[in-house]
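Enquirer: Sending over a structure as structure tokens; questions will come in a sec.
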Amino acid sequence: MMEGLWSDILERFGEDVILRKNEVDIPARALVQPCLELRKGQELPGPLGLERQERFRYLGPAGRPLDLDTVVVWRDRDYRVRWAQLTGEGVCPHWWAVLCPREEEVL
127 MMEGLWSDIL ERFGEDVILR KNEVDIPARA LVQPCLELRK GQELPGPLGL
177 ERQERFRYLG PAGRPLDLDT VVVWRDRDYR VRWAQLTGEG VCPHWWAVLC
227 PREEEVL
């Protein structure tokens, strides 16, 4: 029952995304939002000092798994999965992930 509710939420409030893995594109609907941290800025040490790195929260359907090799295409930009976890199992399962713009990926 809750899975149906989650699907309704994604259909109403989600946006179209493409999950790209192994050169295969899988369409999905997901909620993607900027992930702002109150305690610290979105800055990481780089070769020239601190560099800004934007992060985004991803909430998507349980039937569309994510891992660190998945590229999420949202609003015509590529994002790398920095962290992903299937959560809400047994109640309202969905994928919760943190994304960063692909060109800003820290190696």
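For the sequence shown, our numbering assigns the number 127 to the initial residue and increments by one for each residue that follows.
Just so it is clear, CB atoms sit at the ideal spot from N, CA and C, and this is done for glycine as well.
1) What did DSSP end up calling D202 once you bin it into helix, strand or coil?
2) Take A223 and list the residues in its own chain whose beta-carbon comes closer than 7 Å to its own, dropping the five residues that flank it on each side.
3) Between G214 and the rest of its own chain, which residues show a CB-CB distance below 6 Å, the 5 nearest in sequence each way excluded?
4) When we look at the beta-carbon of V150 and count the other beta-carbons within 10 Å, is it buried (16 or more) or exposed?
5) Using a 10 Å radius around the Cβ and a threshold of 16 neighbouring Cβ atoms, would you call L225 buried or exposed?
6) D151 lies in the beta strand (DSSP E); which residues open and close that run?
7) Please report how far the alpha carbon of C161 lies from the alpha carbon of Q179, in whole angstroms.
8) Distance check for A188 and G216, CA to CA, integer angstroms please.
9) For P187, write down the residues that DSSP places opposite it in a beta bridge.
10) DSSP three-state call for R181: helix, strand or coil?
Expert: Once the coordinates are examined:
1) On the sequence shown, position 76 is the one that residue 202 refers to. Three-state DSSP puts D202 in coil, outside helix and strand.
2) Translated into positions along the sequence shown, residue 223 becomes position 97. Cβ neighbours of A223 beyond the five flanking positions: Y184, L192, V207, W209 and A210.
3) Mapped onto the sequence shown, residue 214 falls at position 88. Same-chain partners within the cutoff: H220.
4) For the purposes of this step, residue 150 is taken as residue 24 along the sequence shown, with counting starting at 1. Exposed: under 16 other Cβ atoms inside 10 Å.
5) Along the sequence shown, one-based indexing puts residue 225 at 99. That one is buried.
6) The residue labelled residue 151 in the question sits at position 25 within the sequence shown. It spans V150 to P160 - the beta strand (DSSP E) in which D151 sits, taken as one unbroken run.
7) Mapped onto the sequence shown, residue 161 falls at position 35. Mapped onto the sequence shown, residue 179 falls at position 53. Spanning the two alpha carbons is a distance of roughly 11 Å.
8) Residue numbering aside, residue 216 sits at position 90 when the sequence shown is read from its first letter. Residue numbering aside, residue 188 sits at position 62 when the sequence shown is read from its first letter. Cα to Cα, the separation comes out at about 11 Å.
9) Position 61 of the sequence shown, counted from the start, is the residue given in the question as residue 187. Note: P187 sits in a beta bridge opposite H220.
10) The residue labelled residue 181 in the question sits at position 55 within the sequence shown. R181: coil per DSSP, three-state reduction.
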